[in-house]
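Working notes, beginning with the structure itself.
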């Protein structure tokens, strides 16, 4: 098997909730470089690895040449039901979603995920399809651009930033990460650190380009259909927007009734579909944070299907 160049976040905690083993099947909906999948395969389980990124898909195929039980599909986790059909599987014993951007993606300038290096303002997971971040910056009206930065990045200076970007694009196209970074830094009041603002704005564009917060709810709704009773899912989020969606999904599906509190009698006929395995989001230990700084922002939630 190809050596995985990254450290799986919350590895032991994730495995304890998924409980992989011989004869079991799992979906790794965010394969990346296969760190979590590798560990599940070593227990004797089968894994269907999904990823839109061409590099990650290539890694999966290369690993599959030597790893019995690993199957690969270049598709978004929002289409996991379709991926199961393509692989000839019915249901699985568990699903893993490790959301966010991997370190190797941030380190690849050609993808434009990071403001720390010069590269095209792209930010697509799948660079073979869809609009780039540069396309959005070049075409969105100022109000829509500001709304995007606020909604997906929760950046308070979204209107100021959008105004500067729209004025700048009248003079020349904004095509590189460095151009984009310099323009944003130029909007900041004296004394305001640029790193948090840049992180939020880049996050907003990445989420919009890849439709991440549209894909996640679609994937969540499929979990109770693709996982057999007694199976489980584990989801790691890296910002509050994702974690909030996962939390609300678990809170809703753990209850027998989801009617508004003011209704005296249940009318929804909803039945609980899962049982939470985590009372609140699980965080990395201080030791893991020191060993793997990427784990610092990780929030893990898990549940069993009834």
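Numbering (the numbering used here), first residue to last: 1 to 306.
Think of the CB as a built atom: it goes at the ideal place given N, C-alpha and C, for glycine as much as any other residue.
Asked, Found
"Note the first and the last residue of the continuous alpha helix (DSSP H) segment covering residue 202.", "194-210"
"Nearest to residue 225 by CA position, among 82, 8 and 59, is which residue?", "82"
"Could you check what DSSP says for residue 70 in three-state terms: helix, strand or coil?", "strand"
"How many Å lie between residue 2 and residue 63 at the Cα?", "Reliability of the predicted coordinates at residue 2 is poor, the pLDDT of 44 falling under 50, and no value is obtained from them."
"Compare the C-alpha of residue 197 against each of 115, 132 and 32 and name the closest.", "115"
"For the beta strand (DSSP E) containing residue 304, list its first residue and its last residue.", "299-305"
"Residue 28 lies in the alpha helix (DSSP H); which residues open and close that run?", "That residue, residue 28, is in no alpha helix (DSSP H); its beta strand (DSSP E) goes 25-28."
"Tell me the DSSP secondary structure of residue 143 in three-state form.", "helix"
"Who does residue 120 pair with in a DSSP beta bridge?", "176"
"So what does DSSP say about residue 90, is it helix, strand or coil?", "coil"
"Does residue 33 come out as helix, strand or coil in the three-state DSSP assignment?", "coil"
"Can you list, in chain order, the residues of its chain with a C-beta nearer than 6 Å to that of residue 253? Leave out the 5 residues immediately preceding and following it.", "273 and 274"
"At the level of alpha carbons, what is the spacing between residue 223 and residue 284?", "24 Å"
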